[in-house]
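One structure below.
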Amino acid sequence: MYIGAWKDVEGKAVTEAGAGGVTIRVLMGDNVGAPNFTTRHLEVSPGGHTPFHAHPWEHEVFVLSGKGKVKRKDGETEVGPGSYVFVPPDEEHAFANEGTDAFSFLCAIPATKVCLR
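Following our numbering, the numbering of the sequence shown begins with 223 at its first residue and continues without gaps.
In structure tokens:
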């Protein structure tokens with residue numbers, strides 16, 4: 223078993239093209255011996271966003287704080303604390319913070335995949 227605190231994990235700026243103002247922390251994955259899933263904590267600064275992208279695997283998101291927008295080809299939806307999002311494989315999407323406070327969420331992906339560097 224592994225128990226930790228998200229604030230103890232070093233945050234890294236997402237430098238992928240099309241991203242801005244996003245910090246990512248890998249909470250649980252191969253760093254703790256998890257063979258199936260990787261859980262990340264993402265924080266999007268006011269005015270920040272992930273790139274509009276797609277990948278061949280699903281992921282699950284749970285919003286912790288702030289308000290953000292989930293953008294997709296056919297529109298966007300505002301989300302806030304307690305909201306959850308299922309992103310199916312190959313669906314184009316992005317997360318954006320158009321508010322004044324940090325927007326943070328957990329995101330789980332398959333352990334063998336890498337997304338947002």
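Here a beta-carbon is modelled for each residue, glycine too, at the ideal position from N, C-alpha and C.
Terminal residues of the beta strand (DSSP E) in which F325 lies
F325 to P332
Classification of T272 by the beta-carbon crowding that lies within 10 angstroms, buried from 16 upward:
buried
Residues near H295 by beta carbon distance below 7 Å, same chain, minus five either side
Note on identity: in this sequence residue 295 is Lys, with His being the wrong assignment. Closer than 7 Å at Cβ, skipping near neighbours: E314.
Might you give, ordered along the chain, the residues of its own chain that have their beta carbon closer than 6 Å to the beta carbon of G240, omitting 5 neighbours on each side?
P273
Looking only at C-alpha atoms, which of E232, H263 and Y224 sits nearest to S326?
Its Cα nearest to that of S326, the residue H263 stands out among E232, H263 and Y224.
What first and last residue would you give for the beta strand (DSSP E) that runs through F308?
Y306 to V309
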